[in-house]
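Take 4 as the starting number for the sequence shown in our numbering and just add one per residue. Just so you know, even glycine gets a beta-carbon here, dropped at the ideal spot from N, CA and C. Accompanying notes for the structure given below.
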Amino acid sequence: MSNSQKPSDVYGSGIEPELNTVRIFQSHNAAGVPEVAQFVTVIHHRTANTLGSDAMEFLRPLNPSQTKDAGVFLYNDPARGRGWFRLERFSPWDAERIQELVRMEEIIRVVGREPLRPADLAFGNAMVMRTNNPWIMFGIAAVGTLCGLGILSSILAASNLVELIALVAVGVLLILASIAAAVVGAIRLPWWRRARHHAREQGGTMPPDLTGL
Numbered sequence: 004m005s006n007s008q009k010p011s012d013v014y015g016s017g018i019e020p021e022l023n024t025v026r027i028f029q030s031h032n033a034a035g036v037p038e039v040a041q042f043v044t045v046i047h048h049r050t051a052n053t054l055g056s057d058a059m060e061f062l063r064p065l066n067p068s069q070t071k072d073a074g075v076f077l078y079n080d081p082a083r084g085r086g087w088f089r090l091e092r093f094s095p096w097d098a099e100r101i102q103e104l105v106r107m108e109e110i111i112r113v114v115g116r117e118p119l120r121p122a123d124l125a126f127g128n129a130m131v132m133r134t135n136n137p138w139i140m141f142g143i144a145a146v147g148t149l150c151g152l153g154i155l156s157s158i159l160a161a162s163n164l165v166e167l168i169a170l171v172a173v174g175v176l177l178i179l180a181s182i183a184a185a186v187v188g189a190i191r192l193p194w195w196r197r198a199r200h201h202a203r204e205q206g207g208t209m210p211p212d213l214t215g216l
């Protein structure tokens, strides 16, 4: 590959790549000297998180940045050089999630690391279950507190000691969990506001991680 080639000009060797492959096209080595090379890494789904999250464990040190082409990214890693890479044979859902997470990395490099980031749990295929929005955390805390207080208020109607202990335990646990959710929301709120402000300045649609569930 010559340095004049663009990401869309290179299509590999003609050999069918494995599923979930990241093909890296290096243009400069770690010393900043032009040195063309090509590397291939297969991303394996090893956790309960989305494949996109597992992929980002490998991609994050590369300091990836988006390009105008979906699935094609620039990278600049002081330890391994710079160039660009392309996603190959990822499902549309996983590729889209990686695109979202790379954009989030761009934001994080400006506003700082996300505190108490919820796990990017996979449900079904690549559907993501998470609660990033601190305002939703406050809502959960309010509902949980009301439910806990409601349960505690019913202890006078308990018919026996076992029922009384169970009601107290459930009520207290709900209230403690609600307090924890409120604390997490309060810790995350300043970062959330900074990240959304920066995303709006960048333009485009707001990343899903900065909207709601």
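Limits of the unbroken alpha helix (DSSP H) element including residue i
i: Gly-74; result: That residue, Gly-74, is in no alpha helix (DSSP H); it is neither H nor E in DSSP.
i: Phe-88; result: That residue, Phe-88, is in no alpha helix (DSSP H); its beta strand (DSSP E) goes 84–91.
i: Pro-95; result: 95–114
Rounded C-alpha distance that separates residue i from residue j
i: Ala-129; j: Leu-90; result: Because the pLDDT at Ala-129 is just 49, under 50, the model does not fix this residue reliably, and the value given afterwards should be weighed accordingly. Computed Cα separation, rounded: 16 Å.
i: Ala-98; j: Gly-74; result: 7 Å
i: Pro-64; j: Ala-82; result: 9 Å
i: Trp-138; j: Ala-185; result: 9 Å
i: Ile-151; j: Ile-182; result: According to the sequence as given, residue 151 is Gly; it is not Ile. Cα-Cα distance, rounded: 11 Å.
i: Phe-93; j: Thr-44; result: 13 Å
i: Phe-28; j: Ala-51; result: 30 Å
i: Ala-122; j: Asp-212; result: 11 Å
i: Thr-134; j: Ser-156; result: 29 Å
Residues near residue i by beta carbon distance below 6 Å, same chain, minus five either side
i: Pro-118; result: Ile-190, Arg-191, Trp-194
i: Ile-154; result: Leu-170, Val-173, Gly-174
Chain-order list of residues whose beta-carbon lies under 8 Å from that of residue i (same chain, five-residue window excluded)
i: Ser-68; result: Phe-76, Leu-77, Tyr-78, Asn-79, Val-105, Glu-109
i: Arg-49; result: Asp-57
Own chain partners of residue i with C-beta closer than 7 Å, once the 5 adjacent residues on each side are dropped
i: Leu-167; result: Ile-158, Ala-161
Exercise. For the segment 21–69, which segments carrying the beta strand (DSSP E) assignment without a break, of at least 3 residues, lie completely within its bounds, in sequence order?
Worked result: 24–31, 37–45
For this session: Please list the segments of the alpha helix (DSSP H) lying wholly inside the segment 124–185, counting only runs of 4 or more residues, in order along the chain.
Result: 137–156
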